[in-house]
Amino acid sequence: MQTTRFPVRSSIAERVTDFMSHLRGNGIPVGFVETDAAMRAFAGMNVVDVDATRMALKAICACNEDGFERFDDLFTAFWLNRGREKSGSVQRDDIRNNASQRSNLSVEDDGSASRSSGSQSEIDADRTGEASAGGEGKLVASRISNLEKTDFRELMTPQSLDQAEQVARAIARQIRDRRSRRRRAHNRGKQIDLRRVARAAVQTGGEPLNLFRLKKPDRPVTLVTLLDVSGSMTVYARVFLAFLKGLMSADQRTEAFLFHTKLVNIGEALRDHDTLRAINRLSMMAQGFGGGTKIAGNLASFNAQYAGRMVNGRTVVIILSDGYDTDPPEKMASEMQRLKKRGCRIIWLNPLMGWKDYAPVAQGMAAALPFIDFFAAANTLESLAAIGPHLEGL
Amino acid sequence: MTWTDIKSDLAGAGYIASDELAMAVHLAQSLGRPLLLEGAAGVGKTQIAKTLAQVLDTRLIRLQCYEGLDAATSIYEWNYQRQLLSIRASADEGAASSEIEDRIFSEKYLLKRPLLEAIQQDVSPVLLIDEIDRADEEFEAYLLELLSDFQISIPELGTIAATTRPHVVLTANGTRDLSDALRRRCIYSFVDYPDKQTELVILKAHFSQLNSHLAEQIVGFVQALRKEDLEKKPGVAELLDWTAAVSGLGINDLSDDPATLQATLVCLLKTQADQAAIPSEVVQRLVGKAA
Numbered sequence: 001m002q003t004t005r006f007p008v009r010s011s012i013a014e015r016v017t018d019f020m021s022h023l024r025g026n027g028i029p030v031g032f033v034e035t036d037a038a039m040r041a042f043a044g045m046n047v048v049d050v051d052a053t054r055m056a057l058k059a060i061c062a063c064n065e066d067g068f069e070r071f072d073d074l075f076t077a078f079w080l081n082r083g084r085e086k087s088g089s090v091q092r093d094d095i096r097n098n099a100s101q102r103s104n105l106s107v108e109d110d111g112s113a114s115r116s117s118g119s120q121s122e123i124d125a126d127r128t129g130e131a132s133a134g135g136e137g138k139l140v141a142s143r144i145s146n147l148e149k150t151d152f153r154e155l156m157t158p159q160s161l162d163q164a165e166q167v168a169r170a171i172a173r174q175i176r177d178r179r180s181r182r183r184r185a186h187n188r189g190k191q192i193d194l195r196r197v198a199r200a201a202v203q204t205g206g207e208p209l210n211l212f213r214l215k216k217p218d219r220p221v222t223l224v225t226l227l228d229v230s231g232s233m234t235v236y237a238r239v240f241l242a243f244l245k246g247l248m249s250a251d252q253r254t255e256a257f258l259f260h261t262k263l264v265n266i267g268e269a270l271r272d273h274d275t276l277r278a279i280n281r282l283s284m285m286a287q288g289f290g291g292g293t294k295i296a297g298n299l300a301s302f303n304a305q306y307a308g309r310m311v312n313g314r315t316v317v318i319i320l321s322d323g324y325d326t327d328p329p330e331k332m333a334s335e336m337q338r339l340k341k342r343g344c345r346i347i348w349l350n351p352l353m354g355w356k357d358y359a360p361v362a363q364g365m366a367a368a369l370p371f372i373d374f375f376a377a378a379n380t381l382e383s384l385a386a387i388g389p390h391l392e393g394l
Numbered sequence: 395m396t397w398t399d400i401k402s403d404l405a406g407a408g409y410i411a412s413d414e415l416a417m418a419v420h421l422a423q424s425l426g427r428p429l430l431l432e433g434a435a436g437v438g439k440t441q442i443a444k445t446l447a448q449v450l451d452t453r454l455i456r457l458q459c460y461e462g463l464d465a466a467t468s469i470y471e472w473n474y475q476r477q478l479l480s481i482r483a484s485a486d487e488g489a490a491s492s493e494i495e496d497r498i499f500s501e502k503y504l505l506k507r508p509l510l511e512a513i514q515q516d517v518s519p520v521l522l523i524d525e526i527d528r529a530d531e532e533f534e535a536y537l538l539e540l541l542s543d544f545q546i547s548i549p550e551l552g553t554i555a556a557t558t559r560p561h562v563v564l565t566a567n568g569t570r571d572l573s574d575a576l577r578r579r580c581i582y583s584f585v586d587y588p589d590k591q592t593e594l595v596i597l598k599a600h601f602s603q604l605n606s607h608l609a610e611q612i613v614g615f616v617q618a619l620r621k622e623d624l625e626k627k628p629g630v631a632e633l634l635d636w637t638a639a640v641s642g643l644g645i646n647d648l649s650d651d652p653a654t655l656q657a658t659l660v661c662l663l664k665t666q667a668d669q670a671a672i673p674s675e676v677v678q679r680l681v682g683k684a685a
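This is how it looks when you write it as structure tokens:
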């Protein structure tokens with residue numbers, strides 16, 4: 001029979017409190033209310049029955065799908081003394097990062113900066129590897145290295161990253177305001193506010209003389225951004241990350257993803273208020289940064305995992321990519337269609353479009369075009385700033 | 395009453411709940427907390443509220459959420475036409491305006507919507523707030539207030555406290571992420587597609603005449619179908635529809651008549667893309683697996 005690892009001395013309440021802090025350490029938000037509920041639940045049941053206890057605590061403490069899935073392991077780890085160290089320590093590091101104080105920030109920045117320069121050299125190694133492998137890859141790489149000399153070197157300074165962020169904020173503001181279906185009192189609204197009319201009519205003997213009106217207020221739109229950080233996009237990655245960061249600070253509900261061969265959710269890391277640290281954290285998160293691209297495959301996993309929750313009729317999806325895809329173009333078309341079906345607006349920002357004589361000939365790009373609401377250049381800050389006015393009309 | 399009693403009661407009413415779900419229902423009852431159910435469409439989230447009302451022998455009050463749902467459609471609204479008429483009539487009689495106001499803002503002129511109705515019953519009803527994630531954040535915030543205090547304040551009338559506390563069941567399927575505040579106030583359970591054994595029991599509960607060979611084939615087929623890459627996976631409701639169709643057509647073995655079988659798939663696959671994704675070769679392969 002399975003037994004718990006506790007000596008007799010502590011009371012059930014103490015152990016449950018300990019368990020709650022174990023859950024908190026593993027990212028499940030629980031507190032006094034849950035402890036209280038658990039104690040009340042135990043009062044009416046047989047606590048010796050491990051399975052029933054597990055299910056009861058699960059119903060009380062897990063508050064979303066993710067928590068629901070992980071709960072059983074956390075329960076076993078705590079009560080039945082298995083694998084606790086592992087799951088606990090990883091998460092705690094993460095939390096300490098989040099909660100780090102301003103005072104030790106500079107130290108941490110130095111550390112992460114040097115680590116990220118390490119990964120930078122890895123990226124370069126990756127990219128040359130890729131470039132020598134395939135014909136098309138080589139072409140892309142050499143064209144980009146040209147570009148790097150002309151307009152992108154200066155963009156790597158903190159000032160220009162700031163500027164990218166500001167441009168992003170302005171754009172976010174322009175996209176954000178769309179109408180709601182709720183109504184508020186307003187002088188020139190379309191619908192009549194019967195409640196106020198009836199009330200005012202008391203004074204005029206039942207004649208509705210004054211007509212009060214309701215109007216639909218403006219309602220923010222949410223943004224979802226997907227950033228391509230594959231080999232061919234490496235030179236743009238840092239600027240675009242700053243751009244995403246700007247979108248994020250304009251509206252905290254913005255969601256952000258990186259993709260190369262895999263899709264990575266970077267929303268949490270980007271919400272970090274320190275731009276440099278956020279970007280450095282990201283470079284670490286994105287292993288494979290600078291490798292090949294599977295745009296369609298990544299769109300597929302976005303559609304399957306996240307789109308249901310994040311994308312609806314009031315969402316604008318921004319894809320930042322050059323459209324060089326190793327997946328077949330048919331797959332791109334079907335995934336774009338699936339995404340579009342959710343009723344969102346899709347904006348595709350392509351850095352290559354700023355070049356002279358660019359035509360969207362990359363097969364993946366051509367396949368995606370019919371589903372894109374707005375297709376624009378994004379190779380310089382000016383071109384990013386220039387798209388703002390177009391977005392209001394979407 | 396323990397959670398196993400709830401499980402057997404629900405089973406008695408034709409709802410086969412997993413242990414975890416039964417425990418969640420039991421705790422929601424005994425702790426007096428709302429029950430939040432998440433899961434894909436068609437796994438029986440709404441049905442559990444209906445069955446619970448049946449088991450508890452009480453009314454089911456349902457509020458279907460949608461974007462733009464507001465107080466006037468979910469809580470209460472004044473009956474403006476009656477109010478205006480009454481003001482006219484009173485004015486003709488020469489009543490004072492304060493008197494008129496008292497009269498037209500009384501319960502007689504109040505149109506009760508589901509949430510107000512739910513807290514004014516003599517016997518605790520089951521209040522089903524369906525697809526809460528479709529409603530917007532403002533409504534969710536309002537609901538939080540209602541679910542913690544069980545009272546509604548109407549400016550003209552004062553605060554209306556609950557006569558009995560309803561058993562609240564909320565369902566969501568991921569249109570929008572719900573706030574942590576709402577989640578934490580609820581007992582939570584994630585409802586998944588039932589496993590093969592459970593699904594067989596469900597099928598037996600609804601079609602007692604069905605021969606067990608066909609039942610196994612049907613369940614096996616649907617379970618295999620859910621593993622395919624579909625836009626809308628068939629839920630329990632679709633399974634029951636399809637079983638009714640198959641047995642109604644007198645099919646005794648799924649591999650007998652491929653053409654008819656293909657035609658009956660309209661009960662399971664509800665989008666054009668999904669129907670195109672499952673051509674008859676795939677159907678035959680799945681039938682082969684299920685047998």
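The listed protein sequences derive, respectively, from chains A and B. Okay, so the first sequence: first residue is 1 according to our numbering, each after it adds one. Okay, so the second sequence: first residue is 395 according to our numbering, each after it adds one. Beta carbons are placed, not taken as given, at the ideal position from N, Cα and C, and that holds for glycine. In this text the structure is predicted, and so the values were computed from the model without any measurement.
Would residue i count as contacting chain B if we go by Cβ distances under 8 Å?
i         : result
PRO328(A) : no
PHE32(A)  : no
ALA256(A) : no
ILE12(A)  : no
LEU194(A) : yes
GLY44(A)  : yes
ALA125(A) : Any answer about ALA125(A) is weak, because its pLDDT of 37 lies below 50 and its placement is not dependable; what the coordinates show is given next. No, ALA125(A) lies away from the interface with chain B (no Cβ there is under 8 Å from its Cβ).
PRO208(A) : yes
Give the DSSP-derived three-state secondary structure of residue i in the structure shown.
i         : result
ILE346(A) : strand
TYR503(B) : helix
VAL30(A)  : coil
THR553(B) : strand
GLN545(B) : strand
GLY111(A) : Low local confidence applies: a pLDDT of 40 at GLY111(A) is under 50, so the model's placement there is unreliable, with the coordinate-based value given in what follows. GLY111(A) falls in the helix class under three-state DSSP.
PHE533(B) : helix
LEU518(B) : The question names Leu, but residue 518(B) is Ser in the sequence shown. It is coil, neither helix nor strand.
THR565(B) : strand
VAL197(A) : helix
TYR582(B) : strand
LEU572(B) : coil
Can you tell which of the options has the C-alpha that lies nearest to the C-alpha of residue i?
i         : options                                       : result
LEU540(B) : TYR474(B), GLU511(B) and SER500(B)            : GLU511(B)
MET395(B) : ASP589(B), ALA411(B), ILE410(B) and MET417(B) : MET417(B)
GLY505(B) : ASP574(B), GLU495(B), ASP530(B) and TYR474(B) : As written in the sequence, residue 505(B) is Leu, which differs from the Gly given in the question. Per the Cα distances, TYR474(B).
ASP267(A) : ALA43(A), LEU227(A) and THR293(A)             : The question names Asp, yet the displayed sequence has Gly at residue 267(A). Taking only the C-alpha atoms, the option nearest GLY267(A) is LEU227(A).
PHE259(A) : LYS294(A), ARG281(A) and ASN210(A)            : LYS294(A)
GLU432(B) : CYS63(A), ASN303(A) and ASN210(A)             : CYS63(A)
LEU608(B) : TYR582(B), ARG577(B) and GLY642(B)            : GLY642(B)
ARG342(A) : THR315(A), ARG277(A), ALA269(A) and ALA359(A) : THR315(A)
GLY31(A)  : VAL677(B), LEU655(B), ARG579(B) and GLU550(B) : ARG579(B)
GLY552(B) : GLU501(B), HIS561(B), GLY426(B) and GLN441(B) : GLU501(B)
ALA671(B) : VAL437(B), GLU625(B) and GLU493(B)            : GLU625(B)
ALA172(A) : PRO220(A), GLN163(A), ASP193(A) and SER301(A) : PRO220(A)
My assumption, with CB atoms under 8 Å, is that residue i sits in contact with residue j. Please give the rounded CB distance.
i         : j         : result
ALA443(B) : VAL563(B) : 4 Å
ASN46(A)  : ALA38(A)  : That belief does not hold up - the Cβ atoms of ASN46(A) and ALA38(A) are roughly 15 Å apart, past 8 Å.
ILE498(B) : CYS459(B) : With 8 Å as the limit, ILE498(B) and CYS459(B) do not qualify as a contact, their Cβ atoms being about 30 Å apart.
ALA59(A)  : LEU633(B) : About 26 Å separates the two Cβ atoms, so there is no contact after all.
ILE612(B) : VAL630(B) : With a Cβ gap of about 12 Å, ILE612(B) and VAL630(B) do not count as contacting.
MET332(A) : ALA367(A) : 4 Å
Between residue i and chain A, is any beta-carbon pair separated by less than 8 Å?
i         : result
ALA418(B) : yes
GLN669(B) : no
ASP451(B) : no
SER674(B) : no
GLU432(B) : yes
SER542(B) : no
ARG578(B) : yes
So is residue i in contact with chain C if we call contact Cβ pairs under 8 Å?
i         : result
VAL202(A) : Among the protein chains of the structure shown, namely A and B, there is no chain C.
task = Please list the segments of the beta strand (DSSP E) lying wholly inside the segment 204-229 of chain A, counting only runs of 3 or more residues, in order along the chain.
result = 213-215, 218-220 and 222-228
key: Runs of alpha helix (DSSP H) lying entirely within the segment 603-644 of chain B, each at least 4 residues, in chain order   = 606-621 and 630-642
key: Any alpha helix (DSSP H) of 4 or more consecutive residues that is wholly inside the segment 413-493 of chain B   = 413-425, 439-449, 465-468 and 474-487
inquiry  = Runs of 3 residues minimum, wholly inside the segment 294-338 of chain A: which ones carry the beta strand (DSSP E) assignment?
reply    = 315-320
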